[in-house]
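Chains as they are written, first to last, in our numbering: chain U, 1 to 591; chain G, 1001 to 1292. All C-beta atoms in this analysis are idealised placements derived from N, C-alpha and C, irrespective of residue type, glycine included. None of these values were measured; they are calculated from a predicted model. Just below is one structure, and these are the notes that go with it.
Right, here's the structure in full:
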């Protein structure tokens, strides 16, 4: 980074700006490559973009520059020289110099994002900006309006949001203290800054910026020249330009609520939430490059990929927790499957509801759509490998890959081992284990191929660790699911794909009504089914509880989740007192 | 069809029909005047005033109104202890907002004939409510079909539960007192008095009839409260039943309530000219071949 060479100097008034470029312009006669202009924040310089620019340079002309006061650009002494209109003037000068013929795609981070908001919402660069990707920096006027609306509101939640943002913005106040802030940068900036990045952001290998202390000192003027005035007297700032908001969930300096009102001022808005911290261009350059490229390609071509369609934001508020995700669930027509589908839909995810029963799958999809998400119903027997392959090829063609696959479909079987026929074994293993194998393999492969850090959730059972004398086939299939998941987890770790095993206890679903009891008459079978159902009803572990556990497992990337006290109990029993577990297995507890 | 039951003469059925029309007119008139910001209590009071003004002299219960997630009978209102008698059931201070579902339920007595109706709606839009109201048609058909087939009432109630499960809904009438899917309605004396005693919002005369039925039913092997329990394990009892399937999905609940006339060998809905049927017809859902 230290060796980044200045490719070009651009003058803006009496300020000289150092400009850096990556990726050659297209050769004569070929179509011009889109131009992407990256604007860095505080206390950074253009070097913060090195990784991102490198990743984008194959397909685009990439330009970054040191903002006035930073890096190798001039450092005006006067605070008023750092007002937003001058910063916009600088950007305009750079855009005119690097892309006189075509509008550019603008990307801003932190203060770079703040000043770019000014550029897209004021007339100076009208027609010169094709799209804007904003990271971790709101328009100061939007923030002022946001603050004003919250302070005027009677709602306690709104007031709390203001306090929360103020707590995250303590440094802005500190930067207004005379003498102190510049002095601190001068004395300790070079040493403190990398330490702060390492501590707060977990960024350890960031190369030191040679002008760090100077950037820190002069950048403070950005705050002093603009923040107070804009926050206290915000002006209406709107734009029709397509805007992509990349929101890092781990940002310590911005709270999520600050973006709630954005759709009021930006009608063409897309939002994607990423698992990263405030300095994502440094910590996740490839991710940032991918998001920029996807958006630029869309704006250039007009072709909107499905995942971007899901990222469109039209109403004020926050996206739901799983918004923009695509979740596929097998056995989604009833029980855990339906509840899981509904829970994901409520959390904003789009759902593919797979079930062997067409009517049931369609019903689940209908109910999901009530949560204003897209939902598809597919009729598939998970025990049929060919049907699973054709499901996967449909998913591949339509969506590329899913973010979460929940291999849930299963059947029950009870009775003596000696009454369990080959056909019974075949069926249980094909559905309960084979379905999970196919689902994990097919959808896991798509995740790897598309580089998606997805989740494979396999629904086993507390039977996976509880031997019983009358459930040999069922429990064997579920124990196999558990071990399969353990092995798969190890193999997929290098791809950052998470594998979870869910082990529910005695929960009420229609699996009890449809469990086959082998070795008994039809009448006896029905009696046993009703008895089992009644037992489960008395236990009253709702399928909603399992659905909640599945969402939590995805959110926390948990490995194994028993649900219900009986599931926890039998897990402990099998681990701590396996002898007792084996004894209990001999009890004839069959209903 | 009106002479089918020896106990219920054509005049009686006309009387009940007039009472049910009055009740639905009350619900529609009140709903038309409802505005965001009104509380459940205000709306219930308006219904009561409307009914009194239009000639009601007694009731099975005083009007109820539930707004928002209270329509789904979740949380406090869904507590089933004490046989489901739950103070949260009564109209409260919840204020109506736009796009918030509501349920109105009133049971006026007119010249000794009592009706009990349920009506739901929304000011604005609510997709979940629309879906629930659409699906409620199937319950109306299922119940009638099975009563006509003389299936035991408990079995019909379980069939309703099963349909709920297929639909992905919760049968929220289970949160009513005694998990009531339906209850009996009897003819009262038309004594010419303007008003009658209510205790805890329930009409004493109508509840006394219900208790009398309970005693008689215990002797004869039937139950004036129709639910999934063993006590309802009997063929449909001739007479009038106020049937009230109440569905819930997440924070939204919906119901209708209508009088079902059960005769010795047949059954029919007292009146097909009710708001929910008109709505199904408007939306092209009403299956004509089964409407007869």
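- Shown here for residue 411 (chain U): same chain residues with a beta carbon closer than 6 Å to its own, the five before and five after excluded, namely 431 in chain order.
- Residue-level contact check: residue 1168 (chain G) touches chain U, since one or more beta carbons of chain U fall below 8 Å from its beta carbon.
- Put simply, the segment 1125-1141 of chain G touches the segment 1254-1272 of chain G. At least three CB pairs are less than 8 Å apart.
- The three-state reading of DSSP puts residue 5 (chain U) in coil, since its state is none of H, G, I, E or B.
- Between the segment 129-138 of chain U and the segment 277-291 of chain U there are three or more C-beta pairs closer than 8 Å, enough to call the two in contact.
- From the beta-carbon of residue 370 (chain U), the residues of chain G found nearer than 7 Å are 1127, 1128 and 1131.
- Under the Cβ criterion of 8 Å, residue 527 (chain U) is not counted among the residues facing chain G.
- Residue 1131 (chain G) sits in a helix when the DSSP states are folded into three classes.
- Under the DSSP assignment, residue 147 (chain U) falls outside any beta strand (DSSP E), being part of the alpha helix (DSSP H) whose first and last residues are 140-152.
- In the structure shown, residue 1012 (chain G) falls within a helical segment according to DSSP collapsed to helix, strand and coil.
- Residue pairing from DSSP places residue 1066 (chain G) in a beta bridge opposite G:1103.
- Interface flag for residue 364 (chain U) against chain G is set, since a Cβ pair is found closer than 8 Å.
- At a C-beta separation below 8 Å, residue 338 (chain U) has these neighbours in chain G: 1168.
- For residue 541 (chain U), no CB of chain G lies under 8 Å from its own CB, so it is not counted at the interface with that chain.
- A distance of 8 Å or more separates the beta carbons of residue 125 (chain U) and residue 66 (chain U).
- In the structure shown, the three-state DSSP call for residue 240 (chain U) is coil.
- Between the C-alpha atoms of residue 1269 (chain G) and residue 1260 (chain G) there is a straight-line separation of about 5 Å.
- Contact with chain G is found for residue 367 (chain U), since one of that chain's Cβ atoms lies less than 8 Å from the residue's Cβ.
- Every alpha helix (DSSP H) of 4 residues or more that sits fully in the segment 1107-1194 of chain G is shown, in chain order, as 1127-1148 and 1153-1167.
- Using a Cβ distance threshold of 8 Å, residue 381 (chain U) and residue 387 (chain U) count as a contacting pair.
- In this chain, the alpha helix (DSSP H) harbouring residue 295 (chain U) covers 285-301.
- The C-beta separation of residue 481 (chain U) from residue 492 (chain U) comes to about 15 Å, leaving the pair out of contact by the 8 Å criterion.
- Secondary structure note for residue 322 (chain U): it is in no beta strand (DSSP E), with a DSSP letter that is neither H nor E.
- Inter-residue distance for residue 314 (chain U) and residue 1250 (chain G) is about 24 Å (C-alpha atoms, whole angstroms).
- Rounded to the nearest angstrom, the gap between the Cα atoms of residue 1275 (chain G) and residue 1285 (chain G) is 14 Å.
- For residue 65 (chain U), the three-state secondary structure derived from DSSP is strand.
- In the displayed model, residue 1283 (chain G) falls within coil according to three-state DSSP, outside both helix and strand.
- Between residue 438 (chain U) and residue 385 (chain U), the CB-CB gap stays under 8 Å.
- Annotation for residue 1207 (chain G): the continuous alpha helix (DSSP H) segment containing it runs 1204-1220.
- Taking the Cα of residue 1074 (chain G) as reference, the smallest distance to any Cα among G:1246, G:1262, G:1279 and G:1278 is reached at G:1246.
- Contact between the segment 218-231 of chain U and the segment 77-94 of chain U is present: three or more C-beta pairs spanning the two stretches fall below 8 Å.
- Take residue 39 (chain U), set aside five residues on each side of it, and the residues of its chain with a beta-carbon closer than 6 Å to its own are 108, 112 and 116, in chain order.
- The alpha-carbon of residue 1213 (chain G) is positioned some 23 Å away from that of residue 1056 (chain G).
- In the three-state reduction of the DSSP assignment, residue 560 (chain U) falls in the strand class, which pools E and B.
- In the structure shown, residue 1060 (chain G) falls within a coil segment according to DSSP collapsed to helix, strand and coil.
- With contacts defined as CB atoms closer than 8 Å, residue 76 (chain U) and residue 15 (chain U) qualify as a contacting pair.
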